[in-house]
Structures are given as C-alpha cells and as structure tokens.
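Take a look at the structure below.
Protein chains: 2
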Amino acid sequence: MSIQAIAFDAYGTLFDVYSIRELGEKLFPGRGMALAELWRDKQIEYTRLRTMCSMYKPFWEVTQDALVFSCNKLGLALTLDAQNALMGQYARLQAFPENLGVLQQLRASGLKLSILSNGNPHMLQSAVDAAGMQGLFSHLLSVEAVKKFKTAPEAYQMAPDVFGLPAKNILFVSSNCWDACCATWFGYTTFWVNRASAPLEELGVVPHGQGRSLTDVVDFVEKNR
Amino acid sequence: MSIQAIAFDAYGTLFDVYSIRELGEKLFPGRGMALAELWRDKQIEYTRLRTMCSMYKPFWEVTQDALVFSCNKLGLALTLDAQNALMGQYARLQAFPENLGVLQQLRASGLKLSILSNGNPHMLQSAVDAAGMQGLFSHLLSVEAVKKFKTAPEAYQMAPDVFGLPAKNILFVSSNCWDACCATWFGYTTFWVNRASAPLEELGVVPHGQGRSLTDVVDFVEKNR
C-alpha cells in the first residue's frame, strides 16, 4: 500500500476522552463513568447533526453543549465551577501511555505525521502540549478549516491536501471504529486501534488493519511501506 | 404561523420503536430493553454516517445491520430465526394508543397530513397498514427518494415540495428532539412530542411547540392555523 504519511485521530486515539471520568467521579460520586460516556456520545452526535445541517460551531463549544445536556439528562447539578473544571480537564486530557514512544519511533523512521481531528486548533495545540508531543507532527489539521466535522469528505480531504499524497498512501489511524470505517470509504489506508475489544461496526466496510494499542501501528506500517 | 399541513416523523412518533422490547425480552430474557435501546441508537447512528459519507442504503437494511451489531455488542447469539422475528416485528410496530384518533381529528379539520420518514416505502406502507391508518395521509414521504437520511436538508425539503407550501406553513411533528430541532433549523414550524420527559437537546434551537403525546398537537394546531 506504500504508506508515506500517517494522520491520527486525536480524541480517543491519542488522548483518552474517558480520563475525565476521574474528575467526574470526584464531582458526582458514582456517576463519573456514566457522565463520561454520555458526554462523549452526545459530543459526537452534535457534531454529526451540525454537519448534516450546515450549522458548524467549534468543537470546544459543542463539547460544552454536550456536557450541559448530559448533566441535565443524568440529573446532575452542574455548577459553573464544575463546568469549568470538567472543560479545563478536557483541554488537558491524558494521553494513552504507549503513545509518545510510538509516535517518536514512527517519526524517527522518516514518516510524516499529522493529527486530523474534530477539535478546534486551540484544543489540539493544548492537548499536544499537555502530552509532551510538541514537534512530532508536521500538521495539526482541524476541521475548523472546512467547517464540517468528520465523517464529511471535506474533513478527510485535508490530509491528502497538505501531504500532497493520494489518500491510499496515507495511513489514517483511529480508535473509533466508525471513523476508521468512514475513512476507508473515503479512500485512506486505515488502522483501527480497538482498545476496548469492541465488535466491528456493521457498515459493510472493514479497516485495513486492526490492533489493541498504538504500538500495533508500527508493525502494520513496517509491512505496508 | 398559519399551519396548512402537517408532516409526521414515523418511528418513535407514530410507531413505538421500543415495542419490540417485548419480543426482545422473550428471545433474550433480561436483555430486551438494552437490545431495543442499543438497536435504535445504532440504527440512527448508521443513517447519519451513511448520509455524511454518501453511502445510502435502505432503512430496512440499515435496521438489520444495527440489529446484528447490537447483538454482537451485547453478546447475544442472534439466530436467523430470531433475526427474522425481530425484523418482522419491526415491520408491524405498535402505534401509540392516542395516534389514530388524533390523526382522524386533524384530517377531519381539513389539514393535509403526510409522513416524512427515514423508512423506505415498503416499511412505511406496512407500518401504516398494521396501524389501521390507511387513507389518512396524502403522502408517505420516504428519504429513499433523495438517498439521504434526516437530518439532511434534501430529506426535509420533500414535504414543502409535495405540499407546494413554504416550510413555515407546515408543522413538522417528531418525538425525537434532534429531529424537531433540525427541522426548526430547516425552516419548519415544529412540535416536539416529548413522550419520555427528556431534556431539550443543547443545539441552540428550540421547537416551536412541545407536549407529552400526539393529543397535544391538536391544541397547538388550533392556536396556529
């Protein structure tokens, strides 16, 4: 497949979106996991509705909207302090432990690396800095540039554009199966980091590679350069 | 607002998508509700992914895909018999008890009524027949005609087209808050049948009317003709 560059999804793939459950648990004892999961689901749902309806607004604001809804739905009283604390945590999500080493290894092997994310530029820069990943990516591609969230083709088109490569020569890596599947439809070579041992989405399309952590990307790349 | 016609969402609004939980419970004791809810969520998710990626396929098939995924995810062994039984039930969903009377009343008042649904034509006709609603609707509008699911504008545009009316003179009725919100963005006058006392979606838009059952639509229409 001749992989010459890699585009990584950010949230869920490089940065652990469920890491906020610990803060959620502190703020709302016994409900941290439920809040983290609903918040994530709603965040993604709102990106899709806004994309289909051409009502883009930045991911930071969508994330805040999703937090407010999730607390309403779960009957949790969201004070302004709690909202600021949770959103602040979202700007400094934990990275998965293997990520930094894997990214350094891939970068050292001569591949160009980028992020391709729903996050707006400020969020992405903040997360990259917090994870000590400065200097590893040639581009932090945010859908803010096209005002459509993934899985719109305009969003996926950004990496082929900046790398000057056909999508099939770029490996798109995501821990979200729907993202890996839709990127496969788009034309990327794709790798699904299936951290949670989830079943494959029934979309009639299968990512080209699959593994349990970002470490497994290295092998796949070696075999497909 | 001068309402001159009404377009009803079908699944969840006229037909109870959770009514299959009884059959699900019989097939998978203790898991009927979990299956019904995940099946519904996945069905909707797949319509959105397929719409954003221009990968339309009929709602019947998407519904079947969502059932297969949901059983995989929940660890339920889906035999072909069970699959056929659940899909067969989906073709004959129960209507909410007040619906037939309300539709007859609205129809008798001289309003034109239609369905505007993700369902493909065969599914819609089957559901209407099973609920004894033959003859009440001038149009059963299926997104099959535009090959994009709601909330794509092409889907919402069908009712203004067939009625020859601006969207604001058509009342769009849905029990799905996201559907009522996105139809409001589109330009319809909208009514949210909030059967489950759910919180409003945080999309920065509010349906024009809201009630607890289809019966509440009658009052809203009387005040806005």
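If you read the protein sequences in the order shown, they are chains A and B.
For the first sequence, position 203 matches number 203 in my numbering, and the numbering has no gaps at all.
In short: position in the second sequence from 1, add 1000, done, that's my numbering.
All C-beta atoms in this analysis are idealised placements derived from N, C-alpha and C, irrespective of residue type, glycine included.
Is the beta carbon of residue i sitting closer than 8 Å to the one on residue j?
i               : j               : result
W178 (chain A)  : E201 (chain A)  : yes
L1113 (chain B) : R1107 (chain B) : yes
D1161 (chain B) : A1095 (chain B) : no
V1102 (chain B) : L1171 (chain B) : no
P121 (chain A)  : L136 (chain A)  : no
A1082 (chain B) : L1035 (chain B) : no
L49 (chain A)   : C1071 (chain B) : no
V1068 (chain B) : L1080 (chain B) : no
L165 (chain A)  : S142 (chain A)  : no
N1118 (chain B) : G1012 (chain B) : no
E1144 (chain B) : P1058 (chain B) : yes
L93 (chain A)   : L23 (chain A)   : no
A1159 (chain B) : G1187 (chain B) : no
Q104 (chain A)  : V218 (chain A)  : no
K148 (chain A)  : Y56 (chain A)   : yes
Kindly list, in the order they appear in chain B, the residues whose Cβ is closer than 7 Å to that of residue i.
i              : result
F69 (chain A)  : P1199, E1201, E1202
N72 (chain A)  : P1199
T189 (chain A) : Neighbours of T189 (chain A) on chain B: none; closest Cβ ~17 Å, over 7 Å.
Please list the partners that residue i has in chain A, where partner means a Cβ-to-Cβ separation under 7 Å.
i               : result
W1178 (chain B) : L49
Given that residue i touches chain A, what residues does it touch there, using C-beta distances under 8 Å?
i               : result
D1065 (chain B) : E202, L203, G204
Give me the Cβ distance between residue i and residue j, rounded to the nearest whole Å; I'm assuming they're in contact under 8 Å.
i               : j               : result
N169 (chain A)  : I6 (chain A)    : Between I6 (chain A) and N169 (chain A) the Cβ distance is about 11 Å, and since that is not below 8 Å, they are no contact.
T1151 (chain B) : M52 (chain A)   : 5 Å
Y1090 (chain B) : T1063 (chain B) : 6 Å
Q43 (chain A)   : A10 (chain A)   : With a Cβ gap of about 13 Å, Q43 (chain A) and A10 (chain A) do not count as contacting.
V173 (chain A)  : V193 (chain A)  : 6 Å
L1116 (chain B) : K1073 (chain B) : In fact, because the Cβ distance is near 30 Å, the residues do not count as touching under 8 Å.
L1076 (chain B) : R1040 (chain B) : Actually they do not touch by this definition, with Cβ atoms about 15 Å apart.
Mapping DSSP to helix, strand and coil, what is residue i?
i               : result
S142 (chain A)  : strand
K1073 (chain B) : helix
G211 (chain A)  : strand
F220 (chain A)  : helix
I1115 (chain B) : strand
S174 (chain A)  : strand
A1127 (chain B) : helix
V1193 (chain B) : strand
F1015 (chain B) : strand
F1008 (chain B) : strand
A1034 (chain B) : helix
A95 (chain A)   : strand
V162 (chain A)  : helix
N1169 (chain B) : helix
F1149 (chain B) : coil
L1100 (chain B) : helix
L200 (chain A)  : coil
G1024 (chain B) : helix
Q1105 (chain B) : helix
I1044 (chain B) : helix
C182 (chain A)  : helix
N1120 (chain B) : coil
L1078 (chain B) : coil
F943 (chain B)  : What is shown of chain B runs 1001 to 1225, which leaves residue 943 (chain B) out entirely.
V1068 (chain B) : helix
V62 (chain A)   : helix
Give me the chain B residues within the contact set of residue i, using Cβ-Cβ distance strictly less than 8 Å, ordered along the chain.
i              : result
A159 (chain A) : Within chain B, no residue comes near A159 (chain A); the closest Cβ sits about 16 Å away, beyond 8 Å.
T151 (chain A) : L1049, M1052, C1053
W185 (chain A) : C1053, M1055
Does the distance between the C-beta of residue i and the nearest non-hydrogen atom of the ligand SAM fall short of 7 Å?
i              : result
K112 (chain A) : No copy of the ligand SAM appears in this structure; indeed no ligand is present at all.
Distance cutoff 8 Å, beta carbons only. Does residue i sit that close to anything in chain E?
i               : result
A1127 (chain B) : Absent from the structure: chain E. Protein chains present are A and B.
Check your understanding: Taking a cut of 7 Å between CB atoms, which residues from the segment 1031–1059 of chain B lie near chain A?
Key -> Correct list: Y1046, R1048, L1049, T1051, M1052, C1053, M1055.
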